[in-house]
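Student: Please read through the structure below; I'll follow up with questions.
There are 2 protein chains.
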Amino acid sequence: MEQQLPLFYGLSFLATALAFAFAAYLYLWVKKQRTENARILEVSALIKSGANAFMRREYSILAKFALVIAVIVFVLLPSPIWQGGSILDNVSIAIAYLIGTALSAVAGKIGILVATLANSRAAEGATHGIKPAFLIGFRGGAVMGLLVVGCSLLGVAAVLMVVGDATILLGFSFGASSLALFAKAGGGIFTKTADIAADLTGKVELGIPEDDPRNPAVIADNVGDNVGDVAGMGADLFDSNVAAMASALVIAQSLSGGLYNNVSMVFCYAILGLVASIIGIATARIGQHGNPTRALNSSTYVTTAVFLVLTAAATAVFPGFSWRIWGASSVGLLVGVIIGLTTDYFTDDTKPIVKKVAEASASGPAFTVLSGVAYGFISALPAMVGIAVSALVAYTICAPMGEGYAIFGISMAAVGMLSIVGMIISNDAYGPIVDNSRGLAEMGNLGEEAIRISDELDSAGNTVKAVTKGFSIGAAGLTVISLLGAFMSEANAALAAAGKPLLEGFDIMAPTVFFGVLIGAAIPAVFSAMLILGVDKNAQRMVAEIHRQFNSIPGLKEGKEGVVPEYDKCIDIATTGALRELIPAGLMSIVATLLVGFIGGPQAIGGFLLGNIVSGLLLALFMSNAGGLWDNSKKYVEAGNVGGKGSNAHKSAVIGDTVGDPFKDTAGPSINTQITVVSLVSSLLSTLFVAFSIFG
Amino acid sequence: MEQQLPLFYGLSFLATALAFAFAAYLYLWVKKQRTENARILEVSALIKSGANAFMRREYSILAKFALVIAVIVFVLLPSPIWQGGSILDNVSIAIAYLIGTALSAVAGKIGILVATLANSRAAEGATHGIKPAFLIGFRGGAVMGLLVVGCSLLGVAAVLMVVGDATILLGFSFGASSLALFAKAGGGIFTKTADIAADLTGKVELGIPEDDPRNPAVIADNVGDNVGDVAGMGADLFDSNVAAMASALVIAQSLSGGLYNNVSMVFCYAILGLVASIIGIATARIGQHGNPTRALNSSTYVTTAVFLVLTAAATAVFPGFSWRIWGASSVGLLVGVIIGLTTDYFTDDTKPIVKKVAEASASGPAFTVLSGVAYGFISALPAMVGIAVSALVAYTICAPMGEGYAIFGISMAAVGMLSIVGMIISNDAYGPIVDNSRGLAEMGNLGEEAIRISDELDSAGNTVKAVTKGFSIGAAGLTVISLLGAFMSEANAALAAAGKPLLEGFDIMAPTVFFGVLIGAAIPAVFSAMLILGVDKNAQRMVAEIHRQFNSIPGLKEGKEGVVPEYDKCIDIATTGALRELIPAGLMSIVATLLVGFIGGPQAIGGFLLGNIVSGLLLALFMSNAGGLWDNSKKYVEAGNVGGKGSNAHKSAVIGDTVGDPFKDTAGPSINTQITVVSLVSSLLSTLFVAFSIFG
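Residue numbers (my numbering), protein chains in the order written: chain S, 175 to 870; chain X, 175 to 870.
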C-alpha cells in the first residue's frame, strides 16, 4: 500500500463532509426563499407528489431487482463460489454492489427533493428580477451536483479503504450503473411521454398554450423534467464518475509498488475536483441585467482553472506524483471544454447552424428533419476527434513511465475530464428547475415580466445543457477506454488462474474480435430504437387517456372554474409505461453481451466493447446534438425569425423539435449508461467467459 | 504460377464473350419492341438527351480528374519513382487505374443507353398486359447486369494475365472506385435534387400529379432515375465486384505455391457466378396475372442454387480446389440471401413494420420520422449479425488450411456473396426502368390499366431494390474486411522493404489504432451529412428556378396547349449542383485518410478502416432501410389504408418519404463506395504511411 494513502482517505472524507455541509447550506438558503402564491404552491405540491410517486414506484421495483442481482453477483463474482475462491470476496462485491445502488438512489432522491423545492421559489424570484431567480435555480442544481460528487468520492474511498482491492470497486460501480440505467432511460421515457402527449393534445389539437392547467398531462410533463433530467442525469453522472475512478483505481493498483503513488494521486485529483467545483459554485453570480448563459459558462471556466492550478500544486508538493499524469489529466479536462464549445456551436441560437435549420424549415418539415440529421452527424466529428486526440496524447505522455502507464494515462484523462463534474451537474440540474419555474410562472399568472425572465433562464438552461452533455459523453468515451483496460486486466487474471495464455490485446484481424465489433456496434442503435419506440407507444397511451378526460369531464376543455383534470392518471401511465418499456431494452443489451461472451470468449468481448463504444459515442453525440439543435431552432423561430410563431416554418420547426425530444432526452443520454453497464458486466463476468465459450 | 491458370484465363474471356453476346441479344430484343405513341417518343427522347447531357458533363470532368490521379498514381505507386523501384510497375498501375475508370464508364454509359430505350417500350408494353411490360423492364436491366459483370471479369483477368502481380489490380480497383464515387454519389445528388424539387413544387404547392408534364423538373426527375439508379448503381456494384475479386486475388497470390490452386479458384467462381446469372436471367418469366416481385425473387433463388451446384461440381472436378473454400463462399452467398430477406421484412408492405409506420403517421409527421428512424436502426442488426457470423464461420472453416487461409476464406465469402451480382444488378436496374415507364404511361395518356400495371411493376421494383441493397451492403462489408487484409499485406511489404518490424495485427488497445477507429467511425456520418446537405441546397436552387418558370412563362401553370417548360434548365441545375456538392464530400474522406495515415501510421490506418467499415455499415443499412420503409409506408397509405390519399396520415407519410429519399438514394448507398475508396487509398499509400508518420 502507498504510504500517503491513509492521508488521502482522510482528505476524501473531509472533502465529502465539506461538500455535504455546503450542499446543506445551499439547501437551507433555497428553502428560506419566499413562496406565497397559492396557485404556485398548489401546483408545486402536485409536481412534488407526482415525482415522489414515480420515485417510490421505481425504487420499489429497483430494490427487488438490486437484491436479485446482488444474489447473482454473490454467487458468481469475482469467481463462482463453487470454484472455492475466497467467499469473503464474493460477499464484499455483493455488498459493494448494494452500496452503489443505494448511494445512487439517495443522490437521486435528494436531487428531486431540492429541485421540486427550488422550482416554485425560482418562479416567485422571477417577479423580483433575473438575479434572485437565477441564483435560486443555480443553487438548487448545485445541491444535486455536490451530493453526487460527494457520494461518489465517499463510496469509492470507503469501499477501497475497507476491502483494499479495487476489483471490488467494479461491483460498486456496477451498482451505480444498473441504477443509472433505470433512472436515466426510465426517467427519459417518462419525461418525453408526458412532454409529447401534452404538446400533441394541448398545443396541436386544442391550440392551448404550453403548461396550460387544463391539460391533464401538464403535471406529468413537469414531473418528467425532474425525474428525467434531475434524478436521471444525476444517476448518470454519478455512474460515469464512479466508473472513471474505479477503472483508474483498478489500473493504478495493478501498477503499484513502483516509483509512483498512483492510487493516492487518483484520490487527490478527485478531492481537488470537488474543491474546485465548490469554489466554482460559490462564486457563481449574475448581475441585475446579466446574461445567465455567460454566468453558467464562466463558473465552468473558473472551476477548470482552479482545478488545473490546484492539481499542479499537488503534483509539485507530493512525492511520487508524476507531472506526466498531471499532463494527461489536464489534456482530458481541456479537451472536455473544447468538446463542450464545439457542441455549443451546433446548438447555440446565436451561431449559424441553428439559423440554417430554422431557414430550412421554411421549405417544410422534411427539410427541418434532413438538415438537423445532417448537422447532427457533422457535430459528432469534433467530439470524436477530441476523444481520439486526448486518448492518443495521454497515452503518449504517460507511456515512458513504464509498462501499463499508458492506459493509466488514458484513465486519468477521463478522471480529469470528469473532475469538474460537480460543476457540470449544477449547471445541468439548473435547467429543469428553471424549466419548471417557467411553467409555474405561467400557471400562477405571475405576469409577463416574470414569464419573460423565466424564459430567458430556461433558454440558458437549454444552451448549457448541450455543452454539459457533450462533456459527459466525451468523458464516458474515455472512461470506457479505461474500462476496456480494466476488462483486459480482469480477463488476464482469470486466464492466468485457468492456466490459459494471456491476452496481449485485441487484434481486429482476429475473427472473434471482428465478430464482437460488428455486433457491439449494432447494440446502441437497437437500444436507442427500443427507447424511442417505447416513448412512442407510451405517448399514444397517454394521448388516449387525455382524450378520454376531455370527453368525459364536463367543462374541462372550456376551462370552467374549479374543474380540474385527473393529473394522477397521466402520471400513472408515464410511470408504468416507462418501467415497462425500459426493461426489454436493458435486457437486450445484457443478453447480447452474454451471447457474444459465451460464443466468442474474451477476445470477442474486447471487440464487442470497442464496437459498442464507437457506435455508441457516434449515436449519442448525433442524437443529443440534433435534438438540442431542433429545440433551439424552434425557439429561434418563436422569437420572431423566419416568419415567427404560427408560420409554416414554425410548424416545421415544432415537428423537428418533437422528433428531437426523445433523441436528446431519452435515447441519446441513455446510451452512455448502456455502454457503461455493458462494460462492467463484461469485466465482472470475465471469469465465466474465459471458462465457457464456443470459439474463444 | 498455378498450372491451370491459363485455362481459367481462357474461360474468363469465354464467359465474358458469352455474357456480352447474351447482353447484345437482349438489347436487340428490347430494341425491336414497338413504340408508336408520339408523346412517349418525344418525352423519352428528352429523358435520353438529358441523361446523355449529364453523362457527357460528368465524364468530361472525370476524364480530367482520372488523368490527374493517374499521374499521381504513376509518380507514387506502388512505390515513389524517386526510390528507384521498377518504373514498369508504376506504369502498369497507372494504366490499370485508367482501364478501371474506362470500363466503369463504358458499363454506365451502355446501361443508360439501354435503360432509356427500354422505358418507353415497357410503357407501351403495359398496354398489352403485365407480361410484356415486365419482360422489357427486366431484360433492359439485365443488359446492364451482364455488362457490369462481364467488364469486371474481363478487366481483372486481362490485367492479371498481362502483369502477373495482383497488387496492380488494386490500381484497377481504385479506378473503378473513384469513378463509382462520382457516379453513385453524384448521380444520387442529381436524382434526389430533381425528385424533391419536382414533388415540392408540383404535388405540394400546385397540387398537380406526379410526372405532370407542366412541371419543369419532371424530365430531370426521370433523368435522375437513370443516372442515379442505373448508371450509379452499376458503377457501385462494378466497384464492389472488382474490389472483392482484387482483394481475394492479392491474398490468394500471397498464399500461392502450396497445395491449393487459389488464384484459379477465384476466377473459376467468378466465371460460374456469371454463368449462373445468365441462366437466372434467361429463365426469368411471369404469367399473364403473375406477381412481379415473386418473379424477380425467384430468379435470384435460381441463380443462387445454380451457383452452389456449379461451384460444388467444379470443386469436385479440379485438383487443388478446397471444399473449405467452397464452404466459405457458400456461407457468404447464403448469408447474403438471409440479409436480403430480413431487409425485406422491414420494407415490404405486406409485413408488419410498414404498417406500423403508416399507423404512426396518423399521429403526425414526427411519429412517422421517429418510428422510421427506430425501425431503421433495428433493421441494421440482422445484417450486422449476418456479416459478423459469416466472417467468423468463413474464418473458422478455412483457418485449418494454413497461415493466411482464414482471411482468404473471408475474402471468398465476399466473392460468394457477390457471385450473383449479375442477377442483382438486373433486378436493381429493372426498378428505374419501370419507374420511368410509369411516368411515360402517365404523360402519354396510355390509360388507367396501363398505369395500374406500371404501378404494380414499379412497386415490385421498390421492394426488390431494398433486398438488393441489403445484399450489396453486406457484400461490401465482407469485401472491406478482406481489403483490410490486403492493406496489411501491402503495409507489411512496405515495412519489410524499410527494414521496420512487421504488423502482426491491429490491437485496439494500441493508442494509434484506437485513434484511427474513432476518427474512421465519424467519417461516414460526415460524408453522408455532406451529401444530404448537398441535395438540400441543390433542391432549393431548382425550386427557385421552377418558381421563375411558373412566373415568367405565360400559360405554363394553367397547362395551356403547346406551352412547354424549359426542362433543360432544371437538368442543368441538377448536373452542375451534383458535381459541385459531391467534390467536397469525396475530398473530405480522402483528406481524413491522409491525415490519419501521416499522423498515426499504418496502425492508425488499420483502426481507421475498421471504424469506417463499422459505422459505415451501420449508417448505410440504417439509411437505406429507413428510406425504403418510409417510401413503402407512403405507398401503403396511398393504397387506401389508414385514411388513404389526402388524409393527415398521408401528409405525414409524404414527409417521411421526402426525408427518406436522400437517405436511401443518395447517402446510404454512397457510403459503400466511400468505404471502398478509403480502403483502396490506404492500401495504395501504405508505403508512404510507413515512410512518413508522426506517431506511427
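C-beta: ideal position from N, C-alpha, C; glycine also.
What is the C-beta distance between LEU692 of chain X and ALA759 of chain X, in whole angstroms, given that I count them as a contact (C-beta under 8 Å)?
Tutor: As a position in the second sequence, residue 692 of chain X is number 518, starting the count at 1. As a position in the second sequence, residue 759 of chain X is number 585, starting the count at 1. Rounded, the Cβ-Cβ distance is 20 Å, inconsistent with contact.
Student: Assign ASP681 of chain X to one of three DSSP states: helix, strand, or coil.
Tutor: Numbered from its first residue, the second sequence carries residue 681 of chain X at position 507. ASP681 of chain X: strand per DSSP, three-state reduction.
Student: According to the Cβ coordinates, are ALA422 of chain S and VAL440 of chain S closer than 8 Å?
Tutor: The count along the first sequence starts at 1 and reaches residue 422 of chain S at position 248. The count along the first sequence starts at 1 and reaches residue 440 of chain S at position 266. In contact: ALA422 of chain S and VAL440 of chain S (Cβ atoms closer than 8 Å).
Student: How many Å lie between GLN178 of chain S and ASN435 of chain S at the Cα?
Tutor: Along the first sequence, one-based indexing puts residue 178 of chain S at 4. Along the first sequence, one-based indexing puts residue 435 of chain S at 261. About 8 Å.
Student: List the whole-angstrom C-beta distance separating PHE481 of chain S from ILE594 of chain S, where the pair is believed to meet the contact cut-off of C-beta under 8 Å.
Tutor: Within the first sequence, residue 481 of chain S is the residue found at index 307, counting from 1. Within the first sequence, residue 594 of chain S is the residue found at index 420, counting from 1. Confirmed, Cβ separation roughly 6 Å.
Student: Determine the contact status of TYR233 of chain S and PHE348 of chain S, defining contact as a CB-CB distance below 8 Å.
Tutor: What you label residue 233 of chain S is simply residue 59 of the first sequence in a count that begins at 1. What you label residue 348 of chain S is simply residue 174 of the first sequence in a count that begins at 1. The answer is no: Cβ separation not under 8 Å.
Student: Less than 6 Å between C-beta atoms, sequence neighbours within five positions excluded: which residues of the same chain meet that for GLY940 of chain S?
Tutor: Not covered by the structure: residue 940 of chain S. The range shown for chain S is 175 to 870.
Student: Is the region 272 to 283 of chain X in contact with the region 181 to 201 of chain X, if contact means three or more CB pairs nearer than 8 Å?
Tutor: Short answer: they don't touch.
Student: Out of X:ALA307, X:SER414, X:ALA752 and X:LEU446, which has the shortest C-alpha to C-alpha gap to PHE182 of chain X?
Tutor: The residue you call residue 182 of chain X lines up with position 8 of the second sequence. PHE182 of chain X has its Cα closest to that of X:LEU446, out of X:ALA307, X:SER414, X:ALA752 and X:LEU446.
Student: Between the alpha carbons of ALA316 of chain S and GLY408 of chain S, how many angstroms are there, rounded?
Tutor: The residue you call residue 316 of chain S lines up with position 142 of the first sequence. The residue you call residue 408 of chain S lines up with position 234 of the first sequence. Distance between the alpha carbons of ALA316 of chain S and GLY408 of chain S: 11 Å.
Student: In the region 184 to 272 of chain X, which residue ranges form an unbroken alpha helix (DSSP H) of at least 4 residues, counting only runs that do not cross its ends?
Tutor: Here the runs fully enclosed are 212 to 250.
Student: Who are the neighbours of TYR549 of chain S on chain X, taking C-beta pairs under 9 Å?
Tutor: As a position in the first sequence, residue 549 of chain S is number 375, starting the count at 1. What TYR549 of chain S touches in chain X: ALA703 and LEU707.
Student: Looking at the unbroken alpha helix (DSSP H) that takes in ASP831 of chain X, where does it start and where does it end?
Tutor: As a first step, residue 831 of chain X must be located in the second sequence, where it is residue number 657. Start and end: 822 to 836.
Student: Are the beta-carbon atoms belonging to ILE460 of chain S and ILE304 of chain S less than 8 Å from one another?
Tutor: Here the question's residue 460 of chain S lines up with position 286 in the first sequence. Here the question's residue 304 of chain S lines up with position 130 in the first sequence. Yes. Within cutoff.
Student: By Cβ distance, which residues of its chain are closer than 8 Å to LYS743 of chain X, with the 5 residues on each side in sequence left out?
Tutor: Locating residue 743 of chain X in the second sequence gives position 569, where the first residue counts as 1. Counting only Cβ-Cβ distances below 8 Å, and skipping sequence neighbours, we find PRO390, GLU719 and GLN723.
Student: Out of X:LYS819, X:ILE655 and X:MET318, state which residue places its alpha-carbon closest to the alpha-carbon of LEU596 of chain X.
Tutor: Counting from 1 along the second sequence, the entry for residue 596 of chain X is found at position 422. Reading off the sequence shown, one finds Gly at residue 596 of chain X, where the question assumed Leu. If we check each option's Cα against that of GLY596 of chain X, X:MET318 comes out closest.
Student: Could you tell me whether the region 819 to 830 of chain X touches the region 335 to 353 of chain X, where touching means 3 or more Cβ pairs closer than 8 Å?
Tutor: Cβ pair count under 8 Å is below three, so no.
Student: Please confirm whether GLY648 of chain X and GLY605 of chain X have their CB atoms less than 8 Å apart.
Tutor: As a working mapping, residue 648 of chain X is identified with position 474 in the second sequence. As a working mapping, residue 605 of chain X is identified with position 431 in the second sequence. No.
Student: Specify, as a first and last residue, the run of the alpha helix (DSSP H) that MET586 of chain X falls within.
Tutor: For the purposes of this step, residue 586 of chain X is taken as the residue at position 412 of the second sequence. It spans 579 to 593 - the alpha helix (DSSP H) in which MET586 of chain X sits, taken as one unbroken run.
Student: Quick one: what's got a C-beta closer than 7 Å to VAL828 of chain X's C-beta in the same chain, skipping five residues either side?
Tutor: What you label residue 828 of chain X is simply residue 654 of the second sequence in a count that begins at 1. Contacts found: LYS808.
Student: For TYR569 of chain X, decide whether its Cβ has a neighbour in chain S, counting only Cβ atoms nearer than 8 Å.
Tutor: Locating residue 569 of chain X in the second sequence gives position 395, where the first residue counts as 1. So yes, TYR569 of chain X belongs to the interface.
Student: Nearest chain S C-beta to PHE239 of chain X closer than 8 Å, yes or no?
Tutor: Reading the second sequence from its first residue, position 65 is the one you call residue 239 of chain X. Output row for PHE239 of chain X: interface = no.
Student: Which two residues bound the contiguous alpha helix (DSSP H) that contains THR341 of chain X?
Tutor: The residue labelled residue 341 of chain X in the question sits at position 167 within the second sequence. 340 to 354 is the extent of the alpha helix (DSSP H) around THR341 of chain X.
Student: List, in chain order, every chain C residue whose beta-carbon is nearer than 8 Å to that of MET662 of chain X.
Tutor: Checking the listed chains, one finds no chain C in this structure; the protein chains it contains are S and X.
Student: If we define contact as Cβ-Cβ less than 8 Å, is ALA133 of chain X a contact residue for chain S?
Tutor: Residue 133 of chain X lies beyond the range of chain X shown here (175 to 870); nothing can be said about it.
Student: Along the region 826 to 848 of chain S, where does the CB come closer than 7 Å to a CB of chain X? Name the residues.
Tutor: Here the close residues are ILE829, THR832, VAL833 and PRO836.
Student: Kindly indicate the opening and closing residues of the alpha helix (DSSP H) around ASP629 of chain S.
Tutor: For the purposes of this step, residue 629 of chain S is taken as the residue at position 455 of the first sequence. That run of the alpha helix (DSSP H) goes 622 to 671.
Student: Can THR477 of chain S and ILE513 of chain S be called in contact, C-beta distance under 8 Å?
Tutor: Walking along the first sequence from the start, residue 477 of chain S turns up at place 303. Walking along the first sequence from the start, residue 513 of chain S turns up at place 339. No, they are not a contact pair.
Student: Does SER421 of chain X get closer than 8 Å to chain S when you measure Cβ to Cβ?
Tutor: In the second sequence, residue 421 of chain X corresponds to position 247, counting from 1. Output row for SER421 of chain X: interface = no.
Student: Measuring straight from C-alpha to C-alpha, what distance separates ASN211 of chain X and ASP831 of chain X?
Tutor: By 1-based counting over the second sequence, the position of residue 211 of chain X is 37. By 1-based counting over the second sequence, the position of residue 831 of chain X is 657. Each residue's Cα considered, the two are about 32 Å apart.
Student: Quick one: list the residues of chain S neighbouring PHE863 of chain X, beta-carbon separation under 7 Å, in chain order.
Tutor: Locating residue 863 of chain X in the second sequence gives position 689, counting from the first residue. What PHE863 of chain X touches in chain S: nothing, since even the nearest Cβ is about 16 Å away.
Student: Put ARG459 of chain X into one of helix, strand or coil per three-state DSSP.
Tutor: The residue you call residue 459 of chain X lines up with position 285 of the second sequence. Reduced to three states, the DSSP call for ARG459 of chain X is coil.
Student: State buried or exposed for ARG208 of chain X, treating a residue as buried only when at least 16 other CB atoms are found within 10 Å of its CB.
Tutor: By 1-based counting over the second sequence, the position of residue 208 of chain X is 34. It is exposed - the Cβ of ARG208 of chain X has fewer than 16 other Cβ atoms within 10 Å.
Student: Show which residues of chain S have a CB atom less than 7 Å away from the CB atom of VAL700 of chain X.
Tutor: Here residue 700 of chain X corresponds to residue number 526 of the second sequence, with the count starting at 1. Result: PHE551, ILE552 and LEU555.
Student: Going by C-alpha to C-alpha distance, which of S:ASP399, S:TYR579, S:GLY398 and S:LEU355 sits closest to LEU411 of chain S?
Tutor: Counted from its first residue, the first sequence places residue 411 of chain S at position 237. Minimum Cα distance to LEU411 of chain S is reached at S:LEU355.
Student: Can you tell me the Cα-Cα spacing of ASP681 of chain X and VAL559 of chain S, whole angstroms?
Tutor: As a working mapping, residue 681 of chain X is identified with position 507 in the second sequence. As a working mapping, residue 559 of chain S is identified with position 385 in the first sequence. Cα to Cα, ASP681 of chain X sits roughly 19 Å from VAL559 of chain S.
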